[in-house]
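Let me begin by presenting the structure, written as structure tokens, before commenting on it.
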């Protein structure tokens, strides 16, 4: 649920990066954090294990500046990807205005991607959110890996993109596609928020 | 004392609580981690981090309470060396909010709990039932968005 402060004309939106373990969700946030000027970002909060695996979430507040006369702020969250952090994922997903599903393009990770997508749909349904109404974008990460190790974007689309939502190929470690993904989900979220936009 | 609120009906109850309970910081937020009102913070962006963490603490303690006791824990209290934190839920017609407050030796846990009960009641009484009208963005908001994101990424 986007929060709108009419007195100060501020909009705050929550965007959650979802996906299987080690698909690159935290890497997306780290790249964004490294690129954004100090005065446009807050502290990046990571609740992680000693080996830097996300335990609860990563959180990065961003100030997007003025959009249509509203000061617009985005709160970027990641969820822990491992199967056993199901409860935590549900908690972080609460009130999400938009979701980026970060898929791991490696062929051997296909089943994990499918299970994570199913888990996302189940968690949205449990919270009374219609998966077809929530702004959703898929990022096919690690497309920089050797072609014999990864699936192509069309192959991943066949397996994961049930509702034909927008997608971006990415190499989050080096930043390729990270900006485009953020721009894509921002557009979807703000379109949904603007008057008359009831769906994707 | 600086108070910032998203909707005006929250201001009076919060102002009164901060004055009566003599707390350093106070935050009211949605369960999703979105800030609704704050007092005492100097930088907006720090408020967001505090909200994200408070929502996480509330949510995880709630789940833990359900598993241990069959229902969520109501009030959480953490005592530090010089400062203490209380996190508690506040129910209104608008839904459930989470309240976080930080206090030092100027106040006490008892005082905070006493005034929190009053604050929660005032908040519930003041909350309007109707949701605010949806925001209307200009049709060409994409132009602003693209420009701002490009500047954010130094492009």
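Chains as they are written, first to last, in the working numbering: chain A, 3 to 202; chain B, -7 to 147.
No residue lacks a Cβ here, since even glycine has one placed at the ideal position from N, Cα and C.
Neighbour flag for residue i against chain B, beta carbons, 7 Å
i                     : result
residue 36 (chain A)  : no
residue 183 (chain A) : no
residue 47 (chain A)  : yes
residue 190 (chain A) : no
residue 201 (chain A) : The pLDDT assigned to residue 201 (chain A) is 42, lower than 50, so where the model puts this residue is not dependable; a value taken from the coordinates is nonetheless given after this. So, not an interface residue.
residue 139 (chain A) : no
residue 18 (chain A)  : no
residue 7 (chain A)   : yes
residue 51 (chain A)  : no
Contact with chain A by residue i, beta-carbon distance below 7 Å
i                     : result
residue 4 (chain B)   : no
residue 48 (chain B)  : yes
residue 65 (chain B)  : no
residue 141 (chain B) : yes
residue 30 (chain B)  : no
residue 26 (chain B)  : yes
residue 41 (chain B)  : yes
Integer Cβ distance of residue i from residue j, believed to fall under 8 Å
i                     : j                     : result
residue 35 (chain A)  : residue 79 (chain A)  : That pair is no contact at about 13 Å.
residue 91 (chain B)  : residue 137 (chain B) : 33 Å between Cβ atoms; not a contact.
residue 11 (chain A)  : residue 76 (chain A)  : Contact doesn't hold; Cβ gap of about 16 Å is too wide.
residue 103 (chain A) : residue 122 (chain A) : 6 Å
residue 22 (chain B)  : residue 97 (chain A)  : 6 Å
Sub-7 Å separation of residue i and residue j beta-carbons
i                     : j                     : result
residue 105 (chain A) : residue 31 (chain A)  : no
residue 187 (chain A) : residue 169 (chain A) : no
residue 1 (chain A)   : residue 171 (chain A) : Nothing about residue 1 (chain A) can be read from this structure; chain A reaches only from 3 to 202.
residue 38 (chain A)  : residue 144 (chain B) : yes
residue 16 (chain A)  : residue 99 (chain A)  : yes
residue 174 (chain A) : residue 180 (chain A) : yes
Identified DSSP bridge partners for residue i
i                     : result
residue 23 (chain B)  : Looking at the DSSP assignment, residue 23 (chain B) forms no beta bridge with any residue, so it has no partner.
residue 203 (chain A) : Residue 203 (chain A) lies beyond the residue range present for chain A, which begins at 3 and ends at 202; the question has no answer from this structure.
residue 89 (chain A)  : Its beta-bridge partners do not exist; DSSP assigns none.
residue 89 (chain B)  : B:22, B:82
residue 178 (chain A) : A:173
residue 32 (chain A)  : Paired residue(s): none; residue 32 (chain A) is not in a bridge.
residue 6 (chain A)   : A:13
residue 50 (chain B)  : Residue 50 (chain B) is not bridged to any residue.
Any chain E beta carbon closer than 7 Å to residue i
i                     : result
residue 136 (chain B) : This model lacks chain E altogether, as its protein chains are A and B.
Is there contact between the stretch 36 to 46 of chain B and the stretch 59 to 76 of chain A, where contact requires at least three CB pairs shorter than 8 Å? yes
For the structure I just gave you, are there three or more beta carbon pairs, one from the stretch 88 to 104 of chain B and one from the stretch 12 to 19 of chain B, closer than 8 Å? yes
Check whether the stretch 79 to 91 of chain B touches the stretch 145 to 154 of chain A, taking contact to mean three or more Cβ pairs, one atom from each stretch, closer than 8 Å. no
Do the stretch 22 to 31 of chain B and the stretch 109 to 125 of chain B make contact, defined as three or more Cβ pairs closer than 8 Å? no
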